[in-house]
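Shown next, in structure tokens, is the structure this report addresses.
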Amino acid sequence: MKAAVLHALKQPLRMEEMPRPQPGPGELLLRVRACGVCHSDLHVAEGDWEALRKITRLPVIPGHEIAGVVEAAGEGVTSFQPGDRAGLPWLYSTCGECEYCLGGREPLCARQQITGVTVDGGYAEFVKAPASHVIRIPAALSFADAAPLFCAGLTVFRALNQADPRPGQSVAVFGAGGLGHLAIQLAKARGCEVTAVDLADDKLELARECGAGSLINSAAGAKLPRVDLAVVCAGSVPAYQSAISSLRRGGTLVVVGMPADPIPISAIKLVGGELRIISSAVGTRAELRQLLELAAQGAVRCRVATRRLEEAPHVLEEMSGGRITGRVVLEP
Ligand SMILES: [Zn+2]
Ligand SMILES: [Zn+2]
7 MKAAVLHALK
17 QPLRMEEMPR
27 PQPGPGELLL
37 RVRACGVCHS
47 DLHVAEGDWE
57 ALRKITRLPV
67 IPGHEIAGVV
77 EAAGEGVTSF
87 QPGDRAGLPW
97 LYSTCGECEY
107 CLGGREPLCA
117 RQQITGVTVD
127 GGYAEFVKAP
137 ASHVIRIPAA
147 LSFADAAPLF
157 CAGLTVFRAL
167 NQADPRPGQS
177 VAVFGAGGLG
187 HLAIQLAKAR
197 GCEVTAVDLA
207 DDKLELAREC
217 GAGSLINSAA
227 GAKLPRVDLA
237 VVCAGSVPAY
247 QSAISSLRRG
257 GTLVVVGMPA
267 DPIPISAIKL
277 VGGELRIISS
287 AVGTRAELRQ
297 LLELAAQGAV
307 RCRVATRRLE
317 EAPHVLEEMS
327 GGRITGRVVL
337 EP
């Protein structure tokens, strides 16, 4: 099969011919139809995040936003049949027995395997995975539309779930790009009033299309409204500073975007306003199923641009040069 392979950190991916994986007992072989390119893929390839650098298995096939079709089922698999539409997220497997797995917080499992990091992912024609962590894709969703929901969508979905705003509450989304435009749609779906904040007018236009009721270009120095929830999808410290200052008393900061530098937060301001800080790491399988169902009903749709799998090395290079806007999905 064709695959894009990372052989060493900070090196470009190489397109190669690899043996097709064989599904073992309890595993499925998926024929990849679409695989989203996530910013984490670039950070993994560059070795930017220490926690991941230590566990990245090399060589590895990256990619953890996988949508495809079951090609073959290993011994003992009864939950899927060849031909079923299904995908695979960041969480390749979890132990199923630790306090986090049992307590509905499986993204925190210390014995997890990570797709495209500790095991081969979806920048390939085929990928194998434990049937327990493969998720069905509703018929109403195309593969390209489904793929980015497996990480980008799931991450903001869980973040909002954790913060749990009530209908009618005000939400500001800082950064209306790949994650932000999904956060806007999901906040709308919860019945919230959404303000989008960005530096770029084209991103604000996308935010408007996604249902944001008010748009703020922070480059123009416009005054921010006071909100119950500030969801920061931009990986920028100034965005966090604006977000914290936009919170009403009792408000919640939702941490999604990851700047390399620490976020300065005043304890006095936190205490004075009884502010909460919420974060989330991808999401659970149950949340992914809920999100795919919401998307099948039309409540959320990721804007994607499709490219051929062979272009994977080039796409990561463009991403590292900041030349990618929106979500790229690779198609074998
Ligand atoms: Zn991701
Ligand atoms: Zn566990």
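Residue numbers (my numbering): 7 to 338. Note that beta-carbon positions come from the ideal geometry of N, C-alpha and C, so glycine has one too.
N- and C-terminal bounds of the beta strand (DSSP E) containing T312: V310 to R314
Under the three-state DSSP convention, the category A225 falls into: helix
Contact check, A218 vs I190, beta carbons under 7 Å: yes
F163, enclosing alpha helix (DSSP H) - first and last residue: A158 to A169
Near ligand 2: C216 beta-carbon under 6 Å from a heavy atom: no
Check: C308 C-beta below 6 Å from any heavy atom of ligand 3: Here the bound small molecules are ligand 1 and ligand 2; ligand 3 is not part of this structure.
Inside the segment 186 to 265 only - alpha helix (DSSP H) runs reaching at least 4 residues: 186 to 195, 207 to 215 and 243 to 252
For G42, the residue or residues it bridges with in DSSP: V335
Strand pairing of E339, partner residues [DSSP]: There is no way to answer for residue 339, as the model of the chain reaches only from 7 to 338.
Neighbour-count burial assignment, T84, 16 or more Cβ in a 10 Å radius: exposed
C157: CB within 6 Å of a non-hydrogen atom of ligand 1: yes
Pairwise C-alpha distance: R307 and G128: 21 Å
Proximity to C115 [Cα-Cα], best of D208, A10 and Y98: Y98
DSSP-derived helix/strand/coil call for E71: coil
Proximity test, T100 beta-carbon vs ligand 2 heavy atom, cut-off 6 Å: yes
Inter-residue Cα distance where the pair is G183 and K16: 25 Å
Run of the alpha helix (DSSP H) containing R26, from where it starts to where it stops: Per DSSP, R26 belongs to no alpha helix (DSSP H) and is neither H nor E.
Contact under 7 Å by Cβ, E71 with P154: yes
Element boundaries [beta strand (DSSP E), containing A178]: S176 to F180
Residue burial classification, A178 (beta-carbon count within 10 angstroms, cutoff 16): buried
Beta-ladder partner(s) of V277, from DSSP: None; V277 has no bridge partner.
Cβ pair count under 8 Å reaching 3, the segment 198 to 211 against the segment 258 to 266: no
The segment 73 to 93 / the segment 122 to 142 touching (three or more Cβ pairs under 8 Å): yes
heavy atom of ligand 1 below 6 Å from C44 C-beta: yes
Rounded separation between G32 and R282 - CA only: 41 Å
From S251, C44, A287 and V262, residue whose alpha carbon lies closest to that of V237: V262
CB contact flag (V288, L160, <7 Å): yes
Pair within 7 Å by beta-carbon distance, F163 and E293: yes
Counted within 10 angstroms of its Cβ, other Cβ atoms place E105 as buried (16 or more) or exposed: exposed
Burial state of V200, where buried means 16 or more other Cβ atoms lie within 10 Å: buried
N-terminal and C-terminal residue of the beta strand (DSSP E) that S286 is part of: Taken as a continuous stretch (DSSP letters only), S286 belongs to no beta strand (DSSP E), as it is neither H nor E.
Beta-carbon separation (whole angstroms), L12 vs P68, contact threshold 8 Å: 6 Å
Secondary structure, alpha helix (DSSP H): runs of 4+ residues fully inside the segment 57 to 114: 105 to 108
Cβ-Cβ distance between A10 and M21 below 7 Å: yes
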